[in-house]
Structure formats: C-alpha cells, structure tokens
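Comments concern the structure below.
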Amino acid sequence: MATIVILGAGDTGAALARQLAATDIVSRIVLVDDMAAVAAGKALDVAQSGPVDGYTTALSGTSDVAAVVGAAVVVFADRVGPPPADWQDEAGLALVKRVAGLNQVAPLVCAGASQSSLVERGVNELGISRTRLFGSAPEALRSAVVTICALEAGAAAADVSLSVLGRPPQHVIVPWDEAAIAGRSATAVLSAAQLARLDARVARLWPPGPYTLAAAAARVIRTAITRSPRVHTVQVAVTRDEGTPGRSAMMPVTLLPSGIERLVEPVLSARDRVRYETTLRQ
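Residues 82 to 363 (our numbering) are what the sequence shown spells out, left to right.
Encoded structure:
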C-alpha cells in the first residue's frame with residue numbers, strides 16, 4: 082500500500098492523518114511540520130489509537146520536506162501555530178514548487194479553504210498540470226450544504242444528493258434541478274421559498290471547519306487511491322476555453338491515483354448554466 086505525506090500538522094492536518102489512518106487503505110502517513118516534535122507527537126497519538134479502532138497504518142512526524150519523495154499523494158494542510166496556518170501566499174507557492182520538484186508524479190491536494198491561490202498560481206506560474214494540483218475544500222462545502230438541505234427537508238443527510246459549483250463564498254451555485262432527496266427531485270420536495278432560504282445560507286457556510294476539511298480531503302484521496310467512480314467537487318484551475326485563465330473554480334470530477342481523470346460536465350438549467358459560465362469568466 083501507499084505512503085501519504087501531509088504538509089502541516091495543524092488542526093486540519095492532524096485530523097486528516099487520523100481519518101486516513103482509520104481507512105486502512107495506506108501503509109504509512111507522514112506529518113511534516115517545522116514544529117517536528119509536535120508533528121511527531123500528533124502522529125504518535127493517532128498511531129496509538131490504532132489498536133483501539135482496528136487499523137494498522139504506520140504514522141510518523143518530521144520537519145523534513147524530503148519525506149514527499151516516493152509518496153503516492155502529497156497534501157498541503159495547515160501548520161502548527163496561530164491562524165492563518167494554511168500553506169498559502171509566497172511561502173505556500175515556494176513549498177509547492179519544491180515539492181513538485183521532489184515528487185514529479187503524486188497528486189498535490191490542497192486541503193485548506195484559503196488555498197485557491199496555490200491551485201491557481203501553481204498551475205499558471207509553475208506549470209503544474211491542473212489534473213495534478215487541485216483543492217479538496219469544495220467537497221467540504223458540498224457536505225455542509227447537504228447537511229442544511231437535509232435539515233430543511235426533514236431527511237437524512239445520506240438521502241441527499243447534490244453538487245456545488247462556482248467560486249466560494251459569494252459565487253456558489255447549487256443546481257437544485259439536479260439535486261435529489263430520498264430519490265425525489267429536490268424541487269419537488271422543497272418549496273421555492275425553502276430553496277431560496279437555502280441559497281441565502283450557502284455563502285455563510287464558507288469556510289468549513291478543520292474537521293470537515295479533513296473529512297473532505299480524506300474522501301477525495303480515498304476515491305483516487307481506490308479508483309472509485311464516485312464524482313467529487315474540487316477546486317480546479319480554469320482554462321481559457323472555460324473562462325478566465327489564472328482563476329480557479331469548483332467543478333465536479335472523477336479521480337485516479339494520478340489525480341483528476343476527467344471533468345464531469347454538470348447538468349444545468351438554462352439559468353444555472355448562465356450563472357456558472359458567468360462565474361468562470363469573472
């Protein structure tokens with residue numbers, strides 16, 4: 082099985098280590114942080130819960146970024162310390178460049194809610210393929226929207242199927258026409274007033290919290306590693322054919338161990354199609 086390296090042992094990074102370890106689909110997880118002792122301590126804590134929870138994943142912590150060599154997936158998370166702790170801005174871009182040089186194969190997953198610029202600049206300035214460098218935070222937003230939709234409908238979250246598109250927080254599109262609740266169209270279950278109320282709440286769901294971000298990253302990584310056909314919403318760099326190059330947006334994709342397999346064309350109403358294409362051009 083594979084090794085996954087998580088760059089940052091902050092709240093999201095540590096939670097992600099725990100969630101990935103519990104899946105037992107990778108052999109080893111390495112937490113990398115400048116605070117090596119903290120990274121090692123958190124890795125040990127997760128490892129010690131293995132016998133209780135029934136997983137055997139090996140964990141370790143270090144400050145050496147060279148740990149990414151040979152990894153199957155590299156995740157950019159949050160560092161130990163006060164916020165903002167996500168890898169971002171110039172320091173984040175420098176780290177992306179270094180990691181891409183050390184490991185030229187693994188997908189580079191940005192787990193934080195404030196890392197869209199890493200995706201954009203990594204693709205447009207460093208020349209990294211957009212199928213390799215992408216963000217998993219939109220899947221956390223989708224989960225949050227599912228939760229409030231289930232509450233509004235009086236249904237179980239597991240019975241809600243929907244997607245989110247666009248650019249958070251102000252330009253998020255939820256295509257309600259293609260959403261489903263317990264096998265029925267969401268527009269048949271919820272009134273226009275209820276849908277409007279949900280739309281008004283979406284922007285306030287961003288940014289998701291660290292545990293939701295970690296859960297989203299874990300699910301995206303698991304789908305990639307296991308070659309599941311599941312469709313996920315991720316942050317992807319926009320091409321000139323799609324909209325404004327140099328920007329990124331939330332798009333549905335399928336995944337492989339190498340990264341994004343393909344972008345899934347969303348089924349949209351005429352109104353949502355216009356909103357989506359307008360967002361991509363902004």
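Built from N, CA and C at the ideal position, the CB exists for glycine as well.
Where the beta strand (DSSP E) through residue i begins and ends
{"i": "L112", "result": "V107 to V113"}
{"i": "A139", "result": "A139 to T143"}
{"i": "L337", "result": "S329 to L337"}
{"i": "R248", "result": "L246 to R248"}
{"i": "Q316", "result": "H313 to A318"}
{"i": "L88", "result": "A83 to L88"}
{"i": "L368", "result": "Lying before the first or after the last residue shown, residue 368 is absent from the chain, which here runs from 82 to 363."}
{"i": "V348", "result": "Counting along the chain, V348 falls outside any beta strand (DSSP E), and DSSP gives it neither H nor E."}
Coarse secondary structure for residue i, derived from DSSP in three states
{"i": "G216", "result": "strand"}
{"i": "E259", "result": "helix"}
{"i": "G135", "result": "coil"}
{"i": "G182", "result": "helix"}
{"i": "G340", "result": "strand"}
{"i": "L276", "result": "helix"}
{"i": "D322", "result": "coil"}
{"i": "V161", "result": "coil"}
{"i": "V150", "result": "coil"}
{"i": "E233", "result": "helix"}
{"i": "S224", "result": "helix"}
{"i": "L271", "result": "coil"}
{"i": "G281", "result": "The question names Gly, but residue 281 is Ala in the sequence shown. A281 falls in the helix class under three-state DSSP."}
{"i": "A175", "result": "helix"}
Residue(s) in a DSSP beta bridge with residue i
{"i": "Q169", "result": "The partner list for Q169 (beta bridge, DSSP) is empty, contrary to what the question assumes."}
{"i": "S266", "result": "A261"}
{"i": "I254", "result": "L246"}
{"i": "V241", "result": "I262"}
{"i": "V155", "result": "V86 and L189"}
Residue nearest to residue i in terms of C-alpha spacing, selected from the options
{"i": "E342", "options": "A305, V319, S329 and T360", "result": "A305"}
{"i": "A181", "options": "G151, D170 and A231", "result": "G151"}
{"i": "I254", "options": "T359, A192 and A273", "result": "T359"}
{"i": "A267", "options": "P250, A238 and H252", "result": "A238"}
{"i": "A148", "options": "V355, G135, V133 and A187", "result": "A187"}
{"i": "D134", "options": "A221, R99 and T320", "result": "R99"}
{"i": "D170", "options": "V161, N184 and S197", "result": "S197"}
{"i": "A221", "options": "V200, P249, S210 and G235", "result": "P249"}
{"i": "G340", "options": "S141, V315, G327 and P326", "result": "V315"}
{"i": "A139", "options": "G122, D159 and S108", "result": "S108"}
{"i": "V226", "options": "V200, G203, L199 and A261", "result": "A261"}
{"i": "S141", "options": "I85, I302 and A274", "result": "I85"}
{"i": "A263", "options": "A236, E206 and R285", "result": "A236"}
{"i": "R362", "options": "G324, V355, R356 and V345", "result": "G324"}
{"i": "V301", "options": "R352, L349, S144 and P338", "result": "P338"}
{"i": "R354", "options": "T307, D258, A297 and R328", "result": "D258"}
{"i": "Q251", "options": "E233, W287 and L344", "result": "W287"}
Residue-level contact to chain B via CB, residue i, 7 Å cutoff
{"i": "A239", "result": "Considering every chain present, this structure includes no chain B. It has just one protein chain."}
Endpoints, alpha helix (DSSP H) assigned at residue i
{"i": "T293", "result": "P291 to T307"}
{"i": "G362", "result": "The sequence shown places Arg at residue 362, not Gly. Residues A351 to R362."}
{"i": "G94", "result": "D92 to T104"}
{"i": "Q129", "result": "A117 to Q129"}
{"i": "E201", "result": "S197 to N205"}
**Asked** Quick check: the segment 318-335 against the segment 233-248, are there 3 or more CB pairs under 8 Å?
**Response** As far as the Cβ criterion goes, the segment 318-335 touches the segment 233-248, which means the pair count is three or higher.
**Request:** Report yes or no: do the segment 108-122 and the segment 309-323 share at least 3 C-beta pairs separated by less than 8 Å?
**Result:** Segments in contact, no.
**Request:** Check whether the segment 129-141 touches the segment 153-169, taking contact to mean three or more Cβ pairs, one atom from each stretch, closer than 8 Å.
**Result:** no
**Prompt:** Taking three-plus beta-carbon pairs below 8 Å as touching, is the segment 85-94 in contact with the segment 288-306?
**Reply:** yes
**Request:** Could you say if the segment 164-174 and the segment 188-199 meet the contact criterion of at least three C-beta pairs nearer than 8 Å?
**Result:** yes
**Asked** Can you find at least 3 beta carbon pairs, one from the segment 277-287 and one from the segment 200-210, that sit closer than 8 Å?
**Response** no
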